[in-house]
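S.K.: Those protein sequence lines, which keep their order, are chains A and B.
Just add 177 to the spot in the first sequence (first one is 1) and you have the numbering used here.
Just add 1095 to the spot in the second sequence (first one is 1) and you have the numbering used here.
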Amino acid sequence: MRLVVIEDDPYWQQAIRAIIEHRPGYRVVATCGNVVQALRTVQETVFDLIIVDLGLPDGSGIDVIRAARRHQPEADILVATVFADEANVVAAIYAGATGYLLKESAPDQWIAAIDELRAGNSPIDPKIARHILGAVQRGRGGMGRQPVGHQAQSPAADGEAADSDDPGLTAREMEVLQLVARGFTLVEVAKFLNMSPHTSRGHAKAIYRKLEVSSRGEAVFEASALGLI
Amino acid sequence: METVGRSGARRLAAVVGIILALLVAPLAAGWLTPAANLAPWRLGDAALTLVPDDGGSSDRGSLSGAPSPDSPVSLPDPWNRKHPGFGGTGHYRFTIRVEPDALADRALYVPRLSNHGAIEINGAPLTEPGGIGNAAWHWNRPFYLAIPADNLHAGDNSIVISVTGLANSRAGLSDIYVGPRELLGDAYRLRWFFQVDLLWIANLTVVILAVPLLFNWLRDPVGSANYGLFGAGSILFGLRNFHGVFDFLPLPVAYWWPLVSASLGWSLCFIFVFLLRLCDYRWRAFEIALAVFATAGSIMLFAVPTAHFMALAPWLWYIPLFVIGLFCVGAFAYGTFARPTLHRVVLLIGVLGQIGPAVHDILWIQGTGSFSSVLWMALSFPLVLIITSVLLADDMAKTRAALGNMNKLLEARVAAARRDLEAMYESRRATEREAIGTQERMRLMRDMHDGVGTRLSLLLSGLTRGEIAAGEVEDAVRGSLEELHLLLDARGPSTATLADALANLRYRLDPRLAATGVETRWELGPGVEDIVLSAEATLHVLRIVQECITNAVRHGQARVVTFRIERSDATLQPDSAAGKNPSFVILVIDDGVGIDKASALTRGGGRGLANMRARSEALGGTFTLHSDATGTVARLAL
C-alpha cells in the first residue's frame, strides 16, 4: 500500500515512517513538510492513504486534505493530531478526511486504525458526534434560527447553504450519532439498533462522506469552518 | 401660543384677516348699492285704518274694539311700538301717481310685512302665487309683486295694503316701494338674499361649525370645557335663529316669542362664560349668578302676560343681557390687553364686531330701530364662530406639531437610551467574557500546575538525579499526557454536561482497556443527561472515576468495569427547579477481587482512596467504597 505522509516535524516524520514501514506491504511513497510541497505531491503522486498533520508551517493541512480528496477520491485520508480536538477534526472531515488518530497512539493502534480505514470504517467518538450533530441541526434549523456565531457567513453563502448545509443523514445515521454522542460504543450502538457491529462501524464513514459532499460548495466549507473552528 | 414663532402668528392673523374681508365685503357691497336708487320710489306715508279682531278682541287693549278712523301714519309702522297690544287688520292706503308710459312697468316691493296681508290696487285684489296672502305667518321676509298694467291707470292710483297681525306678534309694515319692476326686482332679490338665504347659510354654518367644537369637548370634557361652552352656545344660537325663516307659527304667540327670546339669552350666556374663561377668568359666583339670571329671566319671559310682553321683554331680558354682554366683552378686552395672546386678540376683534349688530338688533326688538331693517346679529355672529374654528384648528395643528416634536424627541431619547444600554450590555458582556476567560485560564493553569506540572517537575528532578529508569520516564510522560487528555475530556466546545465529559473519558479509555482485555459498560439512568457541573467539579469527578478504573484494573484484576450514572432522588422530575441539578450518583462497578484481596504489592497504601475522598468532599459529595470478593462498587453521591 502506498502512503504519503504530510508532517513538518522531522521527529514525527521519522516516527510515523517507522511505525508504518514496520508492517509489510506498507510503503511510504512521499513525505512532505509544508503545504506547497504537499499540494504538488497529491497531484503528482498516486497513493492509497495520506496521513496529514493539520498544523503546517505555511498553512493548514485542511487545504491538503481538500486537494487530496479532489485528485484521488479513492484514497483514505487520516488526520494525525496531538489532541483530537473536535473543531479541527470535524473541519478535516468536512474537507474530506476519512479518519483521525492521536499521534501518541501505540504502533499497534496506528496499524489498527489504518486497517480499519482500509476496511471502510471511520473512527468516531462522542465529541466528534456531538459536533456533527450540532452542525447538522444548525443546518436543518435554517437561517432564521442559526446561532449568532454562525452568522459570519456571507449572504451569498446563505443561499447555497440552505440546501447543501444539510448533509442528508438518514434517520439511522442520526441515531448512531446520537448514541455515540451519549457515550455508547459502536458495538453497543449495534446492539441497541439491532444491527451488526460491522454495519454500525460502516455508518461513521458514510456520515463522513455525506459531510464532505455537503461541503463541496466552497462557501459551505467556509461556513462550517467558521462555525467550527 | 407663546411658544409659536412670529411667522406662525403672522400666518394665523393673515388667515383670519382674509376670512373677515371675504365675509364683510359682500355685506358692505350689498348695503351700499340699492339705497340711493330706491329712494325716489319709496312710499313713507300712509293713511291707516285699524280694524280690531271681532269677538274677544275687545278686551285686548284700549285701541281695539272699534275701527279707528283713517289717520296718517309714517312707515315703517311696527305695531308693537305704535299700536301696542293691537291685534286685527290695519288698512294702509297710499295714493301713487303713475305716468301713462309707465303703466306696464310698475311693481310693488315690500321689504317686511308681518304677519300677513292682502293688496288691492284701485279696488281690485292683487294676488300672486306664493305672495303675501298665502301663508299664515310671515315676519321676516320681503315681498315683490308686479302690478299688472290693467290694474293701473294714468294719474293717481289707490293702493291698499291690509296687514293682519296677532296681538303682540311683531306685526307691522315696513316702508314700501312702488316703481320700475326691474329696479325693485333687483332690490327685492338682494333683500331676499340677506334676509332669507344668508340667514339660512349663517345658521347652517353656525350649527355645522359648532358641532366639531362640541365633539372636541366630548373627547375631553374638562380640558376643552371652553370649546364645549362655545359650541353649546353657538349651536343653540344657530338653531334658534331658524325661527326667522319659518313660514308658520309653531306655537301660540304667548309661548313662541318667550321661547325665541329665552333661547337667545341662553346661547349668549354660554358665550359670555366662554369669553371670560378664555381670559382665565373663572368667576364661579358670577357664572352661577349668570345661570340664575338666565333661568329666572326665562321663567319671567313666559310669566309676563302676553299683552305686556313686547313692552317688558327688552327691559327684563334683552337690555340686561346686553349690559352683561358688554361687561363680559369688557372683561375679555381687559384680559386680552393685560395678557395678549394671538388667539385672544383675534377673537376680541371678532367679538367687538358683534357689538354694533347687537345694538342694532336690540333697538329693532325694542321698536326704536327701523322695522324695515334686516336683523344683523344672526348674520354677523358666524364671523366669531369661524374665527373660533380657525383658532381651534390652529390649536390642534400646534398640538399635533408639538406632539410630533415630542414624539421625535422621545424617539431620539429612546434610541439614545437603547444605544447606551446596548453599549453598557456590550461592555458588561465583554467584562463578563473577560472574567470568565480569566477564570478559565486560572483554573486551567491550576489544573496543569497540579497535574501535569507536578508530574513533569518530579520527572525532571528524578532524571537529574539519575534515579529514574526508562520505564518510569515513559510512565511519567504517559501520566502527564493523561492529565492533559483529562482536561480536554472535561471541557471543550461540544462538552456541555457531566454525561458528555464522562462519555469522552469512557471513549478515550475504552480502546486501551479493551487492549488489556477489560470490557467497559456504560449505563445512563433516566434524567441524568442534563446535569451540568462547573469545569472544575467535572474535572474532580473525572479524576475520581479514572482513579476507580485504575484501581479496578490494576489492583482488582477486573474484567468488566461498569460506569453508571443515575438520579438518587426518588421522584424523577425532568424539570425540577430549573438551573439546579438534581442529586445523582456515579457508580464504578467492577468484578475484580476486591480491595482486601488486592495484592499488597499493588496497593497504594490507601493514598488513592484518601485522594478520592478529599475530592468528593471538595465537590460537596460523599464517596463510598464497598468491596468484597466478587467485586467493588465505588459510589460518588452528589
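From the three backbone atoms N, C-alpha and C, an ideal C-beta is built for every residue, glycine too.
1. Kindly list the residues whose CB is nearer than 6 Å to the CB of residue 1328 (chain B), restricted to its own chain and excluding five residues on each side of it in sequence; keep chain order.
2. If you draw a straight line from the C-alpha of residue 187 (chain A) to the C-alpha of residue 195 (chain A), how long is it?
3. Measure the C-alpha to C-alpha separation of residue 1568 (chain B) and residue 287 (chain A) and round it to an integer number of angstroms.
4. Give me the chain E residues within the contact set of residue 304 (chain A), using Cβ-Cβ distance strictly less than 7 Å, ordered along the chain.
5. Please state whether DSSP places residue 327 (chain A) in a helix, a strand or coil.
6. Roughly how many angstroms lie between the CA atoms of residue 1238 (chain B) and residue 1251 (chain B), to the nearest whole one?
7. Determine whether the beta carbon atoms of residue 242 (chain A) and residue 267 (chain A) lie at a separation below 9 Å.
8. Going by other Cβ atoms of all chains shown within 10 Å of its Cβ, with 16 needed for buried, is residue 1573 (chain B) buried or exposed?
9. What beta strand (DSSP E) runs, 3 residues minimum, are completely inside the segment 193 to 237 of chain A?
10. Helix, strand or coil: which one does DSSP assign to residue 1361 (chain B)?
11. Is there a Cβ of chain B sitting closer than 9 Å to that of residue 118 (chain A), yes or no?
12. Please determine if the segment 1167 to 1176 of chain B and the segment 1465 to 1478 of chain B are in contact, where contact requires at least 3 C-beta pairs separated by less than 8 Å.
13. Using 8 Å as the Cβ pair cut-off and three pairs as the minimum, do the segment 1293 to 1313 of chain B and the segment 1353 to 1362 of chain B touch?
14. Give the single residue among B:1202, B:1257, B:1207, B:1285 whose Cα lies nearest to the Cα of residue 1247 (chain B).
15. Since residue 1602 (chain B) meets chain A, which of its residues come closer than 7 Å, beta carbon to beta carbon?
16. Can you name the start and end residues of the alpha helix (DSSP H) that residue 1440 (chain B) belongs to?
17. Name the chain A residues that come within less than 7 Å of residue 1617 (chain B), Cβ to Cβ?
18. At 7 Å on the CB atoms, spell out the chain B contacts of residue 355 (chain A), in chain order.
19. Please report the residue range of the alpha helix (DSSP H) in which residue 386 (chain A) lies.
20. Taking C-alpha atoms, which residue in B:1571, B:1612, B:1431, B:1640 lies nearest to residue 1596 (chain B)?
21. Starting from residue 1190 (chain B), trace the alpha helix (DSSP H) in both directions and tell me its first and last residue.
22. Could you work out which residue in B:1391, B:1374, B:1368 is closest to residue 1380 (chain B) when comparing CA atoms only?
23. For residue 1446 (chain B), which residues in the same chain have their Cβ closer than 7 Å to its Cβ, ignoring the five residues on either side in sequence?
24. Based on the DSSP secondary-structure assignment, which residues constitute the bridge partners of residue 1212 (chain B)?
25. For residue 1648 (chain B) versus residue 1590 (chain B), is the C-beta distance shorter than 9 Å?
26. Of the residues that make up the segment 271 to 282 of chain A, which ones have a beta carbon closer than 7 Å to any beta carbon in chain B?
27. State the Cα-Cα distance for the pair residue 1401 (chain B) and residue 1349 (chain B), rounded to the nearest angstrom.
28. Are any of the Cβ atoms in chain B nearer than 9 Å to that of residue 262 (chain A)?
29. Can you tell which of B:1632, B:1635, B:1579 has its C-alpha closest to the C-alpha of residue 279 (chain A)?
30. Quick one: does the C-beta of residue 1253 (chain B) sit closer than 8 Å to a heavy atom of the ligand HEM?
31. Which bits of chain B does residue 386 (chain A) rub up against, with CB to CB less than 8 Å?
32. Please compile the residues from chain A whose C-beta is within a distance smaller than 8 Å of the C-beta of residue 1606 (chain B).
33. Between residue 307 (chain A) and chain B, is any beta-carbon pair separated by less than 9 Å?
34. Between which two residues does the beta strand (DSSP E) carrying residue 1658 (chain B) extend?
35. How many angstroms separate the CA atom of residue 1342 (chain B) from the CA atom of residue 1272 (chain B)?
M.R.: In this structure, then:
1. Within its own chain, the residues whose Cβ lies closer than 6 Å to the Cβ of residue 1328 (chain B), once the five positions on either side in sequence are excluded, are 1362, 1365, 1366, listed in chain order.
2. The straight-line gap from Cα to Cα measures roughly 12 Å.
3. Answer to the nearest angstrom: the Cα atoms are 22 Å apart.
4. This model lacks chain E altogether, as its protein chains are A and B.
5. Any answer about residue 327 (chain A) is weak, because its pLDDT of 39 lies below 50 and its placement is not dependable; what the coordinates show is given next. Helix at residue 327 (chain A).
6. Residue 1238 (chain B) and residue 1251 (chain B) have their C-alpha atoms roughly 23 Å apart.
7. Cβ distance not < 9 Å, so residue 242 (chain A) and residue 267 (chain A) don't count as in contact.
8. Burial call: exposed.
9. Whole beta strand (DSSP E) segments, 3+ residues: 204 to 209, 226 to 230.
10. Reduced to three states, the DSSP call for residue 1361 (chain B) is helix.
11. Limits of chain A in this structure are 178 at one end and 406 at the other, which puts residue 118 (chain A) out of reach.
12. The answer is yes - the segment 1465 to 1478 of chain B touches the segment 1167 to 1176 of chain B, with three or more Cβ pairs under 8 Å.
13. No, the segment 1293 to 1313 of chain B is not in contact with the segment 1353 to 1362 of chain B.
14. Nearest C-alpha to residue 1247 (chain B): B:1202.
15. Per Cβ cutoff of 7 Å: 302, 303, 360.
16. 1437 to 1461 is the extent of the alpha helix (DSSP H) around residue 1440 (chain B).
17. In chain order: 360, 361, 365.
18. The contacting residues do not exist; residue 355 (chain A) stays about 11 Å from chain B at best.
19. Taken as a continuous stretch (DSSP letters only), the alpha helix (DSSP H) holding residue 386 (chain A) covers 374 to 391.
20. The candidate whose alpha carbon is nearest that of residue 1596 (chain B) is B:1640.
21. In the DSSP assignment, residue 1190 (chain B) falls outside any alpha helix (DSSP H) and lies within the beta strand (DSSP E) extending over 1183 to 1193.
22. Per the C-alpha coordinates, the member of B:1391, B:1374, B:1368 positioned closest to residue 1380 (chain B) is B:1368.
23. Close CB contacts of residue 1446 (chain B) within its chain, under the 7 Å cut and outside five residues either way in sequence, are with 1370, 1424, 1427, 1479 (chain order).
24. Per DSSP, B:1258.
25. Between residue 1648 (chain B) and residue 1590 (chain B), the gap from beta carbon to beta carbon reaches 9 Å or more.
26. Listed in sequence order: 281.
27. Going by the C-alpha atoms only, they are around 5 Å apart.
28. Chain B contact via Cβ: present.
29. The closest CA to that of residue 279 (chain A), considering only B:1632, B:1635, B:1579, is found on B:1579.
30. With respect to the ligand HEM, the structure offers nothing, as it holds no ligand at all.
31. Per Cβ cutoff of 8 Å: no residues; residue 386 (chain A) is ~21 Å from chain B at best.
32. Taking the beta carbon of residue 1606 (chain B) as reference, the chain A residues within 8 Å of it are 286, listed in sequence order.
33. Taking a beta-carbon distance threshold of 9 Å, residue 307 (chain A) counts as an interface residue toward chain B.
34. For residue 1658 (chain B), the enclosing beta strand (DSSP E) has its first and last residue at 1655 to 1662.
35. Near 23 Å, if we compare the C-alpha coordinates of residue 1272 (chain B) and residue 1342 (chain B).
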